[in-house]
Amino acid sequence: MSVAFKAGCGALSRGHGHRHRTGRPSLELQPPTNTASLVPSPTGQQQRLHQKRAGWWPRNVNQHQAFPPHQPWRGRCQAVKAADGALQPGALQPGLLISYKKDDKHILALVEAPDGKKNWWIVDQRGRRFSLPARTVSLVLPGGNYQPADVQRFAEAAAAADLSLMEIAWAVAAEDVRSYSLQEMAKLLFDDAAALPQYITFSMLLHDSIYFKQVFKGGVWSFEPRDADAVQAAQVAAAAEAAAAAERAAFLEAWNAARAAATKERPSSTTAVQQAWKSSPHAERVASLMEFALSQPGKCAESAASLARDTLGLLRRRPEPDVAASLLVEAGLLRRHEPLPLLRLGRSIADFDPSLIAAAEVLRSAPPPDPDASTRMDLTHLTVYTVDDASTTEVDDGLSITTDEAGAPLLWVHVADPTRWLTPGDMLDAEARSRSRSLYFPWGAVPMFPRSLAEGPFSLGSSSSSEDGQQQQQQECCAFSVCASLNDDGSLGQLVSLGPSTIRVQHRLTYDEVDADLGLGPGMCQHEQLQALYEAARLRRAWRVSRGCIDIDLPEAQLKVEQAQLDALRPAVSCTKLSQWESAARLMVAEMMILAGEAVGSLGAAQQLPLPYRGQEAPQLPPQEALDALPEGPCKGYALRRCMTRSVIEPSPVRHASLALDAYVQFTSPIRRYSDILAHFNLKAHLRGEALPFSAAAISAITAAAGESARELGRAEGEVTKYWAAEYLRQHREQSWVGCVLGWFRPEMQLAAVTLEELGLESIVKVEFPVLPGDRLLLRLADVDVSSGYYRLYVEDRAAGPGGSSAAEGFSSDDLEAQEGEQEGSEGEGELEDELQDEVERALLSLEGELEQELQQRQGTAAAGLDEDSDALSVASEVVNGGDAAAAGVSRSSGSSLAWVAAAAVAQPDSPSSSSSSSRDGLVLTESPVGSYNSSEGSSELRARL
């Protein structure tokens, strides 16, 4: 490689990226072509060095009254005990200019006076006066009697130096490779070793990282030219460093511009903003920031995490995923209310992968042959009703009723038939299996299948548009129909028919519409068939109650927000109470779906078919008289929920205790739950006389994997629900709410479980006076953090209304120390047991933040009366994280009792069961003989468990 030097007046252009300290005329250097010719002749180089220096020195040094390079320094010299810049004992004295080292920087200063035996008073170039240890001095300049103004003059001259001179100086010095003193380097560069040239040279050499090696030994500086290969490597590294610095500066400018634009006007589409960054020079940096923000803990690639942390450091932000997400919101890459828990599971609220969309369109335009065409029943003559929420777009099931020859009612349940379009293991089936189920959020659903299928041919009653734009109802659609009769007591009678069918949906109704119609009564309602179905449902329910079924009568909060509001500063969110058992329409649908599941389960048991049978062990319920002492409704539902055991899915029949059925198969939601797809595939293959596509072992493996995925998704749904519940309460901060006491959660801490009667939200509040289940309190928001979904309520006063029954005072804690686990109940819309499982998580939405806040408040206080092994947090974390227990109660241990027991409701705050307590921000910390918990040692662990 070679170096070509060209004299000129333009800015220095160097491939090595060496920093230019001035924009004044300089030499233009071309990149070397080979290392062998890097060192030209000294004579030519010295001449060019003089030319280059001549163009720089007069304009940059003489303006500071410095002497030209050929004029010797004539200033008055003081006697100093330093030779050739070497530092000797006693070398310092007033009036000297020195350089000292601090934080790896060399700083120019003036020595004023001694400060004791080892320190000196100095004044630096900013005019600051302080005491300096003599050992930190790195250079003493020749001369003396300097004034404070000289410090500034020398510093400015050094700052204006042209570092490109170092390359030419190296080319000269490399001909005679040896160590050069500072004075020799000053003479090489400026033909003068006076104080000012020495300091300029010293500053230039300290800033040089390419051409000369620096050695400071025994108080003496020496400099040695590097070999050609080392210079070339350093040039490449310097060029890369300069390019990186330029990229960082350009990114910072682009990011600030994007933030300013997004602040002025939010973008209409975050997708468009993301695409714009993808095509920018900073695509990799922004992609790493997105991955870091939207990955689960420990799942982000290290390369992406490293670049993201570098970006956050550049933006002066903490290297945390939530901080990265907030930055992406600021720049318009994410919406203000993006569902981060869902995105961190890799689930988009947008559409599917383009390949899956394409596969769905192929399926719609060219349907595959129907494997059940020859046996598919034509049931288009039946009157079919679908009953759903007004927002439902995936219609899974419909109902009909006819009579047999004897006039006895025959109940029909028609279920969507997506397996008519799918093949086990194909692209769409594999995607549905990986997703495990559809998700439902306040702004809408994230389907298990592409929307064009889930809301199109897969859905019952999907409509097409006519030429005039009017929707054509009663479109034929494929279904899987079950027809059964009931015995006089409501038990399953005869399974009349089961198989693929073709139906027409004549009536698409909402729950509210059906409730209003059923409320008119027989003879007055518009749909007499629905009235008959409702009467059959009531008979079924009575039969299941007689067999010991367990219904959890607890309301839930239904939060709604438009998807267009996800980027609004103040989104319009609504919250209304939804009660399963207060709706006749919901009860009717639930009982019909349970009937279909029992019919399929009974057939599977009789034929020994491997199917996804759902079961549940019998819970350990308290004595009936204890339950009878509680008010009907939510209080009793709260008590029952804490006793429920975990449900299981097995490939062979297993009793379902809560439903009071010996065999039960989830079958009626194949568009939105993958286990139902398995049942359809195997049932249809059995009816065709073909080999079953899924063995018992395959069903076990698939449902186990789907169960884990469902638990993760359930946690994400819970986090999103908490977020919007907190946002709703934040917007209604000044409003008071009437809450019904469900029971004591931690009586020794004065914590009670309540449900907000108007909203259906459950929470844990501190109550400082005796209350009973069923008592009503006036509650108000005390604190809220929307980003974490945390909110805390406080009690304003008792509310007017009926209180709890005094008979509950006899409710013993021993009656309720039952096994804790996931709760289940009857099925609503074909899956009430799943909905009730969600209720367990919803019951703890605010409890997590409440107890975590409590742990944070414990720092520095006396240990509270919590045994870590029996703390409520352990149960709460298992519920929210899908563990084996899901009862939201306190684990049993010696000396402890279940906190919600009604008998404890009359306990006073100064109960003898607790030795002392302290309160802060509405929470009570109680010392107890059971055990203690030290926040400083365990708060991080418990926070992680939450």
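Residue numbers (this note's numbering): 511 to 1456. All C-beta atoms, glycine included, are put in the ideal place defined by N, C-alpha and C. On a predicted model such as this, the values are computed, not experimentally measured, just so you know.
Exposure label - residue i; buried when at least 16 CB within 10 Å
i     : result
E1101 : buried
F726  : exposed
S948  : buried
F1279 : exposed
E1108 : buried
M714  : buried
E871  : exposed
G917  : exposed
E1229 : buried
A754  : exposed
Q785  : exposed
K788  : exposed
D1285 : buried
A679  : buried
T781  : exposed
A1167 : buried
L1030 : exposed
V746  : exposed
For residue j and residue i, the rounded distance between their alpha carbons
i     : j     : result
E734  : M695  : 10 Å
P777  : E794  : 22 Å
A926  : R1183 : 12 Å
S1298 : L844  : 17 Å
Y1300 : L1239 : 10 Å
Y721  : R846  : 52 Å
T711  : L673  : 10 Å
E1268 : A767  : 45 Å
R1054 : G1114 : 21 Å
L1105 : R1051 : 10 Å
L970  : E1142 : 37 Å
P552  : Q603  : Unreliable placement is indicated for P552, whose pLDDT of 47 sits below 50; the coordinate value is still reported in the next sentence. The alpha-carbon atoms of P552 and Q603 are separated by roughly 40 Å.
R758  : L1019 : 58 Å
L1088 : Q1241 : 21 Å
A1026 : A1310 : 30 Å
S884  : L1079 : 57 Å
V894  : W765  : 57 Å
P1161 : S1210 : 6 Å
6 Å CB neighbourhood of residue i in its chain, flanking five on each side removed
i     : result
L1131 : C1153
C1085 : A1067, L1069, Y1238 and L1269
V796  : W787
E751  : none
V783  : P777, G842 and L843
Distance between beta carbons of residue j and residue i, contact taken as under 8 Å
i     : j     : result
I1457 : M937  : No information on residue 1457 is available, as it lies outside the stretch 511 to 1456 that the chain covers here.
V1110 : F1177 : 5 Å
A1220 : S858  : Not confirmed; about 18 Å, so no contact.
P807  : R819  : Not really, about 15 Å apart at Cβ, beyond 8 Å.
R1308 : L1291 : Going by Cβ atoms, the distance from R1308 to L1291 rounds to 18 Å, so no, they are not a contact pair.
L1197 : G1009 : 6 Å
I1187 : A942  : 7 Å
A619  : I632  : 4 Å
P877  : W931  : 7 Å
R961  : D861  : 7 Å
Close-in-space but distant-in-sequence residues of the same chain around residue i (CB under 7 Å, 5 per side omitted)
i     : result
A1042 : I911 and P919
S1205 : P1120
A705  : W583, L607, L651, P652 and G653
V1164 : Y1123, G1125 and V1158
Cβ neighbours of residue i in the same chain (closer than 8 Å, five flanking residues each side left out)
i     : result
K1235 : Before going further, note that residue 1235 is Ala rather than Lys in the sequence given. Contacts found: A1067, L1069, C1085, L1271, G1299, Y1301, L1355 and S1356.
T482  : Outside the shown range of the chain (511 to 1456) lies residue 482, about which nothing can therefore be said.
*Hey, is the stretch 801-813 in contact with the stretch 847-854, meaning 3+ C-beta pairs nearer than 8 Å?*
yes
*At least 3 beta-carbon pairs within less than 8 Å: the stretch 909-925 vs the stretch 989-1004*: yes
*Are there three or more Cβ pairs, one per stretch, closer than 8 Å when the stretch 653-671 is compared with the stretch 599-610?*
yes
*Touching by the beta-carbon criterion (3+ pairs, under 8 Å), the stretch 952-970 and the stretch 892-908*: yes
*Can at least three beta-carbon pairs, one atom from the stretch 1237-1253 and one from the stretch 1139-1155, be found at a separation below 8 Å?*
Touching, per the Cβ criterion.
*Evaluate contact between the stretch 1162-1178 and the stretch 1120-1137, counting only Cβ atoms and requiring at least three cross-stretch pairs below 8 Å.*
yes
*Is the stretch 629-645 close to the stretch 660-680, with three or more CB pairs under 8 Å?*
yes
*Is it a yes or a no for the stretch 874-891 touching the stretch 1012-1032, going by three-plus beta-carbon pairs under 8 Å?*
yes
*asked:* With three or more beta-carbon pairs closer than 8 Å as the criterion, would you say the stretch 831-844 touches the stretch 1211-1218?
replied: no
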